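In what follows, a single structure is set out as structure tokens and then discussed.
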Amino acid sequence: MLQPVLYNLNLAELEQLMRDWGQPPFRAKQIYRQLYVNLVCDPAAMSDLPGALRDHLIQTVQLDPLQLVQMQQADAGLTRKALFRLSDGALIETVLMIYADRATVCVSTQAGCAMGCVFCATGRLGLLRNLSSGEIIAQALWASRELRAWQARGPAPTPSQRMAVTSHTHEEDQWWSNEQVGFSERVTQQVSRVTNLVFMGMGEPFANYERWWEAVERLHDPQGFNLGARNMTVSTVGLVPGILRLAEAALPINLAISLHAPDDQLRSAMVPVNRRYPLADLLDATRAYTERTGRRVSFEYVLLQGHNDHPYQAMALAKLLRGQGVSKGPPLLCHVNLIPWNPVPGTPLGRSERMRVNEFQQILRDYGVACTIRVERGAAIAAACGQLAAHV
Ligand code: SAH
Ligand code: SF4
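All residue numbers for the sequence shown refer to numbering that gives the first Met the number 0, where the first residue is 0 and numbers rise by one.
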């Protein structure tokens, strides 16, 4: 018989399970608290439950759906990438990033991805399968436990650990990683919980919308994990139905859209799904989203040397976002996040030089488009954006 996975159940479903087992419904609340507030994932450690119920849980349910296969660290231990094996053998990755004032977990929503973006390591795997809500949630819980263990271990990184951040860094990457060293110097063991969650790991969240949304609701639940909706961000490759659906959703989570090119020809070459949802449709949907919600979206733009980083492309992008391109209207309520491309082995692509990135940013700003450059974490352990490929 298939074992129920507790992390797949919301409180009402857990109450039903207790009724089916002839237990009083308040036991469900106790278990729910143990899972999402105390972060306990071993029924034996749920000390407020009667022994018989604990034994029954041990025998009947599957608790943690993630089996840790490997842990890697970078940035003086402030970036941690976990490789997990799921119950059917599929592999996924999760990344925890600790900063001075916050801790962010980057969560996967699928094993692999069907979208095939040419610059992305996950895209090269193809899609294995969708994750269940429990498999998505368990990644956030792992990160919380990991953070707690890191705090319990004591002192902030030593100077020699900080040196390690630069020593594994290639010369050409120096310009951005110097900022990371600054980070580690300031970080203390003060961050007490996972404060931010980004659905930017492996997979396309909107291609697994139902289960992804269940995970969002459960992680948000004030009676449980209690993560603010504003502290969650979903990144999509640009699936229009998902954007329109999120516009109507009850929780105001943040939306990031992977744009990467200012015209359809180039975008279709980089992001094949653009043929299905071309720029005009994508930006019209984005406009509908910002009008409906009043919330600003952020556009992600990975910079590839000589490909999409030319000044004329920055100008075309600015025009597009100001409503003067294929989607006409007032300027979009948006912000652009430039992402220096992280190398993916076996691709002929290259990362834009710093000067090029700065120039691109300046052009957007000159045209009145808010724009920042993302400071990356974890490139040395292939944990940065788009490098997740789940290899043992
Ligand atoms: N499927 C979703 C979310 C996961 S990818 C999406 O595509 O938005 C998260 C972000 O990493 C996206 O903006 C994606 O375009 C970017 N990305 C992919 N490969 C990358 C790489 N090699 N270097 C930098 N960013 C990359
Ligand atoms: Fe999938 Fe996002 Fe990678 Fe594209 S960038 S292949 S959508 S994970």
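All residues carry an ideal CB built from backbone N, CA and C; glycine is no exception. All figures in this text were calculated on a predicted structure; none of them were measured in a lab.
Taking the CB atoms as reference points, tell me whether residue i and residue j lie closer together than 9 Å.
| i | j | result |
| --- | --- | --- |
| arginine 294 | leucine 320 | no |
| aspartate 220 | asparagine 9 | yes |
| threonine 78 | alanine 382 | yes |
| glycine 377 | lysine 80 | yes |
| glycine 223 | leucine 34 | yes |
| valine 272 | methionine 114 | yes |
| asparagine 207 | leucine 85 | no |
| proline 277 | alanine 315 | no |
| valine 343 | leucine 196 | no |
| isoleucine 97 | glutamine 138 | no |
| cysteine 384 | leucine 337 | no |
| glutamine 22 | leucine 52 | yes |
| serine 234 | leucine 281 | no |
| arginine 229 | proline 204 | no |
| leucine 218 | glutamate 145 | no |
| alanine 102 | arginine 192 | yes |
| glutamine 2 | valine 60 | yes |
| aspartate 308 | serine 351 | yes |
| alanine 313 | glutamate 358 | yes |
| valine 356 | isoleucine 380 | no |
Please indicate yes or no: does the CB of residue i lie closer than 8 Å to some heavy atom of the ligand SAH?
| i | result |
| --- | --- |
| phenylalanine 224 | no |
| alanine 284 | no |
| isoleucine 91 | no |
| tryptophan 340 | yes |
| glutamate 203 | yes |
| valine 356 | no |
| glutamine 386 | yes |
| valine 299 | Here residue 299 turns out to be glutamate, not valine, going by the sequence shown. True, at least one ligand heavy atom lies under 8 Å from that Cβ. |
| cysteine 333 | no |
| valine 343 | yes |
| phenylalanine 396 | The shown model of the chain, from 0 to 391, leaves out residue 396, and the question about it has no answer. |
| cysteine 112 | yes |
With DSSP as the reference, label residue i as helix, strand or coil.
| i | result |
| --- | --- |
| aspartate 172 | Low local confidence applies: a pLDDT of 37 at aspartate 172 is under 50, so the model's placement there is unreliable, with the coordinate-based value given in what follows. If DSSP states are grouped into helix, strand and coil, aspartate 172 belongs with the helices. |
| serine 183 | Any reading at serine 183 must be qualified, since the residue scores a pLDDT of 47, below 50, and its modelled position is unreliable; the value itself is stated next. Serine 183 falls in the helix class under three-state DSSP. |
| proline 339 | strand |
| histidine 334 | strand |
| leucine 146 | helix |
| arginine 355 | helix |
| alanine 379 | helix |
| valine 39 | coil |
| asparagine 207 | helix |
| serine 191 | coil |
| valine 233 | strand |
| valine 296 | strand |
| asparagine 273 | helix |
| asparagine 225 | coil |
| glutamate 92 | strand |
| phenylalanine 118 | coil |
| threonine 201 | Going by the sequence as given, residue 201 is methionine instead of threonine. Reduced to three states, the DSSP call for methionine 201 is coil. |
| serine 257 | strand |
| asparagine 7 | helix |
Note down, in chain order, each residue of its chain lying with its Cβ closer than 6 Å to the Cβ of residue i, except the 5 sequence neighbours on either side.
| i | result |
| --- | --- |
| glycine 349 | Gln304 |
| glycine 111 | Leu124, Gly125, Leu126, Leu127 |
| glutamine 69 | Leu82 |
| glutamate 178 | Note that glutamate 178 scores a pLDDT of 41, beneath 50, so its modelled location is shaky; the value from the coordinates is reported in the next line. Once the five neighbours on either side are set aside, the close Cβ partners of glutamate 178 are Val374. |
| methionine 17 | Pro24, Arg26, Ala27 |
For residue i, I'd like the list of residues in its chain whose CB is within less than 7 Å of its CB, leaving aside the five on either flank, ordered along the chain.
| i | result |
| --- | --- |
| glutamate 12 | none |
| leucine 258 | Phe298, Glu299, Tyr300 |
| serine 267 | Asn273, Arg274 |
| phenylalanine 470 | There is simply no residue 470 to check, as the chain begins at 0 and stops at 391 in what is shown. |
| asparagine 7 | Ser131, Ser132, Gly133 |
| tryptophan 141 | Leu65, Ala81, Thr93 |
May I ask you to check if the CB of residue i is nearer than 8 Å to at least one heavy atom of the ligand SF4?
| i | result |
| --- | --- |
| glycine 241 | no |
| cysteine 116 | yes |
| valine 233 | no |
| serine 257 | yes |
| glycine 122 | yes |
| valine 94 | no |
| cysteine 40 | no |
| cysteine 119 | yes |
| valine 106 | no |
Any Cβ of chain C within less than 9 Å of the Cβ of residue i?
| i | result |
| --- | --- |
| isoleucine 242 | Absent from the structure is chain C; it holds one protein chain and no more. |
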